[in-house]
Amino acid sequence: MKVAVIGVGGSGSAALRFLAKEGHEAVGYEQFTVGHAMGSSHGRSRIIRLSYPDDFHTGLMRRAYELWDDLEIESGENLFVKCGGITFGPGGDTTLRNTISSLANASIPHELLDRDQCATRFPAIDIGPGSTAVYQQDSGFLRSTRCVLAQLGIARQHGAEVREHSPVFAIEEKNGKVLVSTASKTEVFDTAIVTAGPWIGKLLAPLHLPVTTALRQVAYFAIRRNPENFAPGKLPVWITHSSDHYGFPADGEVTGIKIASHDAGMTYDPDQPDRPVMPEHLEALAEKATALFPDLSGDIVSSQSCLYTTTPDEHFILDHAPGSPRILLCSGCSGHGFKFTILLGRLLADMATRTKADASPTPWRLARFPVPRS
94 MKVAVIGVGG SGSAALRFLA KEGHEAVGYE QFTVGHAMGS SHGRSRIIRL SYPDDFHTGL
154 MRRAYELWDD LEIESGENLF VKCGGITFGP GGDTTLRNTI SSLANASIPH ELLDRDQCAT
214 RFPAIDIGPG STAVYQQDSG FLRSTRCVLA QLGIARQHGA EVREHSPVFA IEEKNGKVLV
274 STASKTEVFD TAIVTAGPWI GKLLAPLHLP VTTALRQVAY FAIRRNPENF APGKLPVWIT
334 HSSDHYGFPA DGEVTGIKIA SHDAGMTYDP DQPDRPVMPE HLEALAEKAT ALFPDLSGDI
394 VSSQSCLYTT TPDEHFILDH APGSPRILLC SGCSGHGFKF TILLGRLLAD MATRTKADAS
454 PTPWRLARFP VPRS
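With positions in the sequence shown counted from 1, the corresponding number in our numbering is that position plus 93.
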């Protein structure tokens, strides 16, 4: 089959790799260069974890882990740093309790740590009085840009074509085929996969997809003392749902440690030519950073922005386009999707080639949202 993949970030690069390896004529369209920093899949690190507050996501992540392991072996690259992870908050926090339950339900090994135990195990971080942490040894971080480039490299080795600087402005299903139009030409495909990230709402505007796009800020903070306590193994990846902050150990590639907020951001048009720094958000991050990590100075070494594409329920969209069964779409990763992108790519490739036409899990289908009014 001849399949177009529009947008070759996390999910798109994975889909292109699977399609090419299975002998399909796969063409990827990228409006910028591969690995660009304008969307949602770039950067040094994204958290990967089995620790979810529901059985659905925990179960799917087990399959995603297998696929990431396969990619590391196939690419020969170190893409996954397994340094363990903690989720923490007040002992009675509902999300924390649900996370513990989902790990127990799946028989996934985990440990509960109080504040003192956490300080002994991970001396860099102070989770605060009355807090409990659940530690899971298989958590860590993915080297996100490297993951995208590794998948595209394998896809190209198997014959896929990647067209950089090729923005798509129209996709139409007609007479059992899909027409994909760029500024230079219209090409005919058997099916098309749309993984356009923050641009999907504009590209598929007639569908009125229930997604919003927002700018988020991450920052790297300088280590003032005891740098050895911030290395992977001494500091895990961490998430606190009580304030929706998260962060990473020192990754060995840049000075300082990365900290971000899942919530803080502003609505943003992805076609804006820049990704501005938001000083007020950086100030709030600095306050949180020094509260959690007494050995940080609060000085920002560097910062970076990325775009979230979010659905109302913060679950993904993975489905056929309404009325266009040959057009598949994937969006709304809502700030927690990169770890799933390799699984999303696998499912998209199966759906596009009709290997598993209904591979999309029900919680990710468009039917859960009200029918939009034009």
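We put the CB at the ideal spot given by N, CA and C, even for glycine.
{"query": "Can you round the beta-carbon distance between H117 and V96 to whole angstroms, since I take them to be within the 8 Å contact cut?", "result": "6 Å"}
{"query": "Mapping the DSSP letters down to three states, classify E346 as helix, strand or coil.", "result": "coil"}
{"query": "Counting Cβ pairs closer than 8 Å, one from the region 265-275 and one from the region 345-362, do we hit at least three?", "result": "no"}
{"query": "Helix, strand or coil: which one does DSSP assign to V241?", "result": "helix"}
{"query": "So, using beta-carbon positions, are C423 and L411 closer together than 8 Å?", "result": "yes"}
{"query": "With DSSP run on the structure shown, which of helix, strand or coil describes E257?", "result": "coil"}
{"query": "Using DSSP's beta-bridge definition, name the partner residues of P183.", "result": "S224"}
{"query": "My assumption, with CB atoms under 8 Å, is that I218 sits in contact with W331. Please give the rounded CB distance.", "result": "7 Å"}
{"query": "Starting from I293 and walking both ways along the alpha helix (DSSP H), at which residues does that stretch end?", "result": "I293 to L296"}
{"query": "For the beta strand (DSSP E) that C399 lies in, which residues bound it at each end?", "result": "L389 to T403"}
{"query": "To the nearest whole angstrom, what separates the beta carbons of R419 and E266, a pair I think is in contact under 8 Å?", "result": "5 Å"}
{"query": "Is there contact here, the region 326-341 with the region 350-362, by at least three beta-carbon pairs under 8 Å?", "result": "yes"}
{"query": "Quick check: what's the CA-CA separation for Y313 versus S395?", "result": "5 Å"}
{"query": "Quick check: what's the CA-CA separation for K175 versus G416?", "result": "43 Å"}
{"query": "Is the region 129-141 touching the region 318-327, taking contact as three or more C-beta pairs under 8 Å?", "result": "no"}
{"query": "With a Cβ-Cβ cutoff of 8 Å, do T403 and T333 count as a contact?", "result": "no"}
{"query": "Name the residue from P222, I247, L172 and S144 whose alpha carbon lies nearest to the alpha carbon of Q56.", "result": "Residue 56 lies beyond the residue range present for the chain, which begins at 94 and ends at 467; the question has no answer from this structure."}
{"query": "Between the Cα of A452 and the Cα atoms of G103, F462, L440 and S138, which residue gives the shortest distance?", "result": "L440"}
{"query": "Residues in its own chain within less than 6 Å of V120 by CB, not counting five upstream and five downstream?", "result": "A97 and E254"}
{"query": "Quick check on M444: does DSSP put it in helix, strand or coil?", "result": "helix"}
{"query": "Check H338 in the structure and name its three-state DSSP category.", "result": "strand"}
{"query": "Determine the extent of the beta strand (DSSP E) in which D147 is found, giving its start and end residues.", "result": "Careful: D147 lies outside any beta strand (DSSP E) and carries neither H nor E."}
{"query": "Measuring CB to CB, does I140 end up less than 8 Å from K381?", "result": "no"}
{"query": "According to DSSP, simplified to helix, strand and coil, what is P325?", "result": "strand"}
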